[in-house]
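Before any comments, here is the structure.
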Amino acid sequence: MLHLYNTLTRKKDIFSPVETGKVKMYVCGPTVYDYFHIGNARSFINADFIHRYFRYLGLDVKFIMNLTDVDDKIIKKSNEEKVAYSVVAEKYSWAFFEDIGKLKIYPATMYPTATSHMQEIIDMIAELIKKGFAYNNEGNVFYDISKFNGYGKLSGKKIEELEAGSRVEVNEEKKGPLDFALWKKAKEGEPFWESPWGNGRPGWHIECSAMSCKHLGETFDIHAGGSDLIFPHHENEIAQSEAASGKPFANYWLHFGFLNIDSEKMSKSLGNFFTTRDILKKFSAETLRFFYAQTHYASPLNFTADALEAADSGRLKIDNLYFKLEEIVKDEDCDDSLFASNYASFEEAMDDDINTPKAMAVVFDAVRDINRQIAENKASAAYLASAKKFIRRTAGDVLAVLGEAKKEAGLESQLIELLIQLRLEAKKEKNYALSDKIRDRLKEIGVILEDSKDKTSYKLN
RNA sequence: GGCGCUGUACCCAAGUGGCUUAAGGGGAAGGUCUGCAAAACCUUUAUUCGUCGGUUCGAAUCCGACCGGCGCCUCCA
Numbered sequence: 099m100l101h102l103y104n105t106l107t108r109k110k111d112i113f114s115p116v117e118t119g120k121v122k123m124y125v126c127g128p129t130v131y132d133y134f135h136i137g138n139a140r141s142f143i144n145a146d147f148i149h150r151y152f153r154y155l156g157l158d159v160k161f162i163m164n165l166t167d168v169d170d171k172i173i174k175k176s177n178e179e180k181v182a183y184s185v186v187a188e189k190y191s192w193a194f195f196e197d198i199g200k201l202k203i204y205p206a207t208m209y210p211t212a213t214s215h216m217q218e219i220i221d222m223i224a225e226l227i228k229k230g231f232a233y234n235n236e237g238n239v240f241y242d243i244s245k246f247n248g249y250g251k252l253s254g255k256k257i258e259e260l261e262a263g264s265r266v267e268v269n270e271e272k273k274g275p276l277d278f279a280l281w282k283k284a285k286e287g288e289p290f291w292e293s294p295w296g297n298g299r300p301g302w303h304i305e306c307s308a309m310s311c312k313h314l315g316e317t318f319d320i321h322a323g324g325s326d327l328i329f330p331h332h333e334n335e336i337a338q339s340e341a342a343s344g345k346p347f348a349n350y351w352l353h354f355g356f357l358n359i360d361s362e363k364m365s366k367s368l369g370n371f372f373t374t375r376d377i378l379k380k381f382s383a384e385t386l387r388f389f390y391a392q393t394h395y396a397s398p399l400n401f402t403a404d405a406l407e408a409a410d411s412g413r414l415k416i417d418n419l420y421f422k423l424e425e426i427v428k429d430e431d432c433d434d435s436l437f438a439s440n441y442a443s444f445e446e447a448m449d450d451d452i453n454t455p456k457a458m459a460v461v462f463d464a465v466r467d468i469n470r471q472i473a474e475n476k477a478s479a480a481y482l483a484s485a486k487k488f489i490r491r492t493a494g495d496v497l498a499v500l501g502e503a504k505k506e507a508g509l510e511s512q513l514i515e516l517l518i519q520l521r522l523e524a525k526k527e528k529n530y531a532l533s534d535k536i537r538d539r540l541k542e543i544g545v546i547l548e549d550s551k552d553k554t555s556y557k558l559n
């Protein structure tokens, strides 16, 4: 039974979807104004663990991630670069897809954009005005939070306290300081869309309400995002959606913890800002995923080079076993019952609010057991086949921390095999100087040789 | 000022009342195997969970105080 910590109820709730067997999930995606950073990557990967686990469970998942493709930051960048906002948005949208592909993120069902949902956005704003939750002030439309009863229920904030401690600039156009923009009147030179309130563009929060409603319905199962989005973004989404539909919005709210760099907040001004692209030049996607999976999704995580190195060593332990199994397992047919308790433990961990650190411990327990069976030569063919499947389904399909299999480039692998043969002959003649030289040289170019009793295998670094 | 999170070994980290005299990974030390390596396996590495009190038959887990770290309240994953 899957339990998820729900920000709305502040406890772990039993997950019970609106429609049995189906999951409707919405995750706030990127604003496409720059390459995304490793903090964003953490959120995307955490969402991916959840997505992949639902798939593992055999649920029919509809997973929507939006791209915010028009907003202040994009406009600012387009002005700096003297190109149309859409050029910026398009460039970084492609970069986003490229990067999440590299991160082995299982694709969402759909990646809708704000600009392709203008009609839905305008319709929702019109509905909010009609129902009295919003007001038009000379082309700027604001949401009147005093009209919405449950405002603050997600973030646990009280309206009076928010107003008292408010750092929001006084805006004469708004009735209340916490009212937020649904539609922003276009300023000179800004991109705009036509609307009943004049030319302008949507506020940030409304797109998520409009798009989630269109693609998932008025009430859906899971809404997730970074913990900084709780307030005001998600709070405002709830206000918009529930006021417009009169129905509950998302049933489960999940929030991902923040990433710090060397115990400091990542920011451009501190000079500790890393894009995912930068990091992927030094570490593999699997290493990054392994590193993130070691910490629960909601906890803060400290990012250091040493920790990444440690993660790299750790995940190789799983890889080494899996590659070994790929070599010795011929027949994929297997009896899962041999690993029934391992699967049960894995699922128990994941069912407990997607406890990936615990799930990894389960995988490592299995890795040790399997290695021991192999070392002691006690493993049956059926056991090894089941072992391989267990590792693939957990470390591979759900966590996606397994590295790529050895590349079987035809000529390349033949040449390596040839060198291995020559080295074995040298070894037979006890010419260890030569055999070690071959091994060392191959290692230098990324081919690692491992001798076992009767043969030598290799892996590519 | 308000709200919330957090402090577990050299490092990362799970565990939130008895199954734990605290998982798992990294690192380190010793051993097995090996011509030597590598990989793998075995052993060791927290009588203790920020500090001090309290509740309880029993607490890392609950309560209180104190000390430290962090986030949100403004765009932000």
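If you count by our numbering, then the first sequence holds residues 99 to 559, one letter each, in order.
Yeah, the Cβ is synthetic: ideal placement off N, Cα and C, and Gly gets one too.
Bear in mind the structure is a predicted one, so any value in this text is a computation, not a measurement.
Discussion item. Within 8 Å, do at least three Cβ pairs link the segment 281 to 294 to the segment 216 to 228?
Written reply: yes
With respect to the alpha helix (DSSP H) encompassing Thr-554, which residues constitute its N-terminal and C-terminal limits? First-last for Thr-554: 554 to 558, but that is the beta strand (DSSP E), not the alpha helix (DSSP H).
Is it buried or exposed, Thr-129, if we count other Cβ atoms within 10 angstroms and call 16 or more buried? buried
| said: Quick check on this structure: which residue in Val-499, Ile-472 and Lys-528 has the alpha carbon closest to the alpha carbon of Val-550? | reply: It is Ser, not Val, that sits at residue 550 in the sequence shown. The candidate whose alpha carbon is nearest that of Ser-550 is Ile-472.
Which partner residues does Arg-299 have in the DSSP bridge list? Looking at the DSSP assignment, Arg-299 forms a beta bridge with Lys-282.
Would Pro-300 and Ile-219 be called neighbours here (beta carbons separated by less than 8 Å)?
yes
Three or more C-beta pairs under 8 Å: does that hold for the segment 356 to 365 against the segment 234 to 241?
no
* Would you report the Cα separation of Asp-167 and Leu-522, rounded to the nearest angstrom? -> 59 Å
| task | Identify which residue in Asp-434, Asp-433, Phe-437 and Phe-381 has its Cα closest to the Cα of Ser-411. | result | Phe-381
Which whole-angstrom value is the C-beta distance of Ile-304 and Leu-280, which I expect to be below 8 Å? 5 Å
* Glu-340: which of Tyr-249, Gln-512 and Lys-476 sits nearest, CA to CA? -> Ranking Tyr-249, Gln-512 and Lys-476 by CA distance to the CA of Glu-340 puts Tyr-249 first.
Between the Cα of Tyr-395 and the Cα atoms of Met-99, Glu-179 and Phe-147, which residue gives the shortest distance? Looking at the Cα atoms, Phe-147 is the closest of the given residues.
Using the Cα positions of Ser-176 and Ser-443, report the straight-line distance between them to the nearest angstrom. 51 Å
(Q) Quick check on Gly-544: does DSSP put it in helix, strand or coil? (A) coil
Backbone CA spacing between Ala-408 and Arg-470 [nearest angstrom] = 23 Å
If you check the beta carbons only, do Leu-157 and Lys-120 fall under 8 Å apart? yes
Of the listed residues His-215, Arg-153, Lys-245 and Phe-231, nearest to Thr-207 (C-alpha basis): Arg-153
I need the DSSP call for His-149, collapsed to helix, strand or coil. helix
Next item on the list: Within the same chain, show all residues whose beta-carbon is closer than 6 Å to that of Leu-497, passing over the 5 residues directly before and after it, in chain order.
Entry: Excluding residues within five positions, the ones whose Cβ falls inside 6 Å are Ala-391.
Compute every distance between the C-beta of Glu-340 and the non-hydrogen atoms of the ligand NAD, then say whether any falls below 7 Å.
In terms of ligand content, the structure shown is empty, and the ligand NAD therefore cannot be addressed.
ask   = Of all the options Trp-351, Gly-315 and Cys-311, which has the alpha carbon lying nearest to the alpha carbon of Ser-325?
value = Trp-351
Quiz item: Which ranges would you report for the alpha helix (DSSP H) in the segment 418 to 455 if only whole runs of at least 4 residues count?
Solution: 438 to 449
For this session: List the endpoints of the continuous beta strand (DSSP E) containing Gly-324.
Result: 318 to 324
Leu-423 and Leu-500 closer than 8 Å at C-beta:
no
*asked:* Can you look up Glu-340 in the DSSP assignment and give me helix, strand or coil?
replied: helix
- prompt: Should Trp-192 go down as buried or exposed, given a rule of 16 or more other Cβ atoms within 10 Å for buried?
  reply: exposed
_Less than 8 Å between the C-beta atoms of Ala-348 and Ile-320, yes or no?_
Yes, they are a contact pair.
**Asked** Among residues of its own chain, excluding the 5 on either side of Phe-77, which ones have a beta-carbon nearer than 7 Å to its beta-carbon?
**Response** Past the boundaries of the shown model lies residue 77; the chain is included only from 99 to 559, so the question cannot be answered.
Reference Ile-416, options Asn-370, Asn-453 and Arg-490, closest by Cα: Measuring C-alpha to C-alpha distances from Ile-416 to each of Asn-370, Asn-453 and Arg-490 identifies Arg-490 as the nearest.
- Query: Below 8 Å between beta carbons: does that hold for Asn-164 and Pro-210?
  - Reply: yes
Practice problem: Could you spell out the range, first to last residue, of the alpha helix (DSSP H) harbouring Trp-351? | Solution: That residue, Trp-351, is in no alpha helix (DSSP H); its beta strand (DSSP E) goes 348 to 354.
Practice prompt. For Val-181, count neighbouring Cβ atoms within 10 angstroms of its own Cβ and tell me buried if that reaches 16, exposed if not.
Written response: exposed
| Assigned secondary structure, Met-123 (DSSP; H/G/I helix, E/B strand, else coil) | strand
Check your understanding: Within this structure, are the beta carbons of Lys-171 and Tyr-133 separated by less than 8 Å?
Key -> no
Quiz item: DSSP beta-bridge partners for Phe-381?
Solution: In the DSSP output, where bridge partners are listed per residue, Phe-381 has none listed.
Worksheet item: Relative to the alpha-carbon of Lys-245, which residue among Asn-334, Met-309 and Lys-525 has its alpha-carbon at the smallest distance?
Response: Asn-334
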